């Protein structure tokens, strides 16, 4: 059992981490990818890796990257013009942290593009003048993350999110991966909820696709269809914990890695295989990608 994308250093998961890791291992958990997603996260992600590598050898795989929202959430809210100079400084700090801690890393990310609040949103952007600059800043950051991944032969955990009915974000993401990666990029399209029409393009690039608690939601029909259409050899299970908790009356108020058990039950039914077989294959997929 593996969790291919979570944030062990966030919220209530961080506060209960010893108990949550013990539960995960007792229930058959063998790998977790812990994604640091901001400059503020990085010291915590590194500290978690160092702390638990002797307690649970090879359990926690670590990843560092700048989540695209960290490049625009404050500037969009305040309608300020984003500074590409500031973005370059943030990315340079990311690159420096990677170089200093490369022995602890199994992946680059969470990185990518996020147009959820920028294009096709119901949010009124009439007073926001920097949407174009925000998108260009995200693209700049994503490109440099790709270059760093290629330099160190590391896979990526990729974020690409937009509003329902839109496709510009995933199209831009795949274009950058193709242009910069030139066939050298491996990775996971984390929590993909975009158009099913782009699924084959993702698979053609050799990427895996991560599925999480959304498939347990009543509103998750589109994502369940994506899962149905994804070859089992390209599926990864993830929780995005502590976010995306399971939707049933006995679920905790926050997501945790052991939620993979419930996610796997739904996924196995959709793929018409046993839970045991699904967990075996997705574990092999994780190890193939992240080690």
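In the working numbering, the protein residues as written are 2 to 292.
Don't be surprised by glycine CBs; every beta carbon is placed ideally from N, CA and C.
All values reported here derive from a predicted model rather than from experimental measurement.
Which whole-angstrom value describes the C-beta separation of residue i and residue j, a residue pair presumed to lie in contact below a C-beta threshold of 8 Å?
i	j	result
residue 217	residue 270	Not really, about 11 Å apart at Cβ, beyond 8 Å.
residue 25	residue 258	4 Å
residue 152	residue 191	Rounded, the Cβ-Cβ distance is 21 Å, inconsistent with contact.
residue 97	residue 155	Their Cβ separation, rounded to whole angstroms, is 16 Å, which puts residue 97 and residue 155 out of contact at 8 Å.
residue 50	residue 105	5 Å
residue 142	residue 112	7 Å
residue 72	residue 95	Not really, about 11 Å apart at Cβ, beyond 8 Å.
residue 31	residue 60	7 Å
In chain order, what residues of the same chain have a beta carbon less than 7 Å from the beta carbon of residue i, not counting five sequence neighbours either side?
i	result
residue 266	276
residue 207	187
residue 46	10, 35, 37, 63 and 65
residue 253	246
residue 290	156, 187, 189 and 209
For residue i, which of the options has the nearest alpha-carbon?
i	options	result
residue 63	27, 89, 110 and 30	110
residue 54	156, 42, 72 and 35	35
residue 119	138, 43, 228 and 248	138
residue 295	107, 223, 251 and 181	Only positions 2 to 292 of the chain appear in this structure, which leaves residue 295 out of reach.
residue 221	268, 168, 50 and 2	268
Among the residues of its own chain, which have a CB less than 6 Å from the CB of residue i, if the five just before and after it don't count?
i	result
residue 162	115 and 117
residue 245	213, 214 and 256
residue 193	210
Decide if residue i is buried, meaning its Cβ has at least 16 other Cβ atoms within 10 Å, or exposed.
i	result
residue 48	exposed
residue 292	exposed
residue 93	exposed
residue 80	Summary for residue 80: the model assigns pLDDT 46, below 50, so the residue's position carries little reliability; its value from the coordinates is reported in the next sentence. When all chains shown are included, residue 80 counts as exposed.
residue 58	exposed
residue 69	buried
residue 205	exposed
residue 230	exposed
residue 56	exposed
residue 22	buried
Once the 5 residues before and after residue i are set aside, which same chain residues still bring their CB inside 8 Å of it?
i	result
residue 103	153
residue 144	177 and 181
residue 199	168, 171, 172 and 175
residue 272	228, 229, 233, 236 and 279
residue 52	none
residue 185	151
residue 183	none
Cα separation between residue i and residue j?
i	j	result
residue 133	residue 170	13 Å
residue 33	residue 135	31 Å
residue 86	residue 248	42 Å
residue 140	residue 8	23 Å
residue 19	residue 233	32 Å
residue 13	residue 42	15 Å
residue 226	residue 219	13 Å
residue 6	residue 261	11 Å
residue 195	residue 203	11 Å
residue 27	residue 2	11 Å
residue 241	residue 283	16 Å
residue 15	residue 131	34 Å
residue 197	residue 150	27 Å
residue 4	residue 285	12 Å
residue 29	residue 101	32 Å
residue 274	residue 288	20 Å
residue 223	residue 179	26 Å
residue 160	residue 44	21 Å
residue 146	residue 17	31 Å
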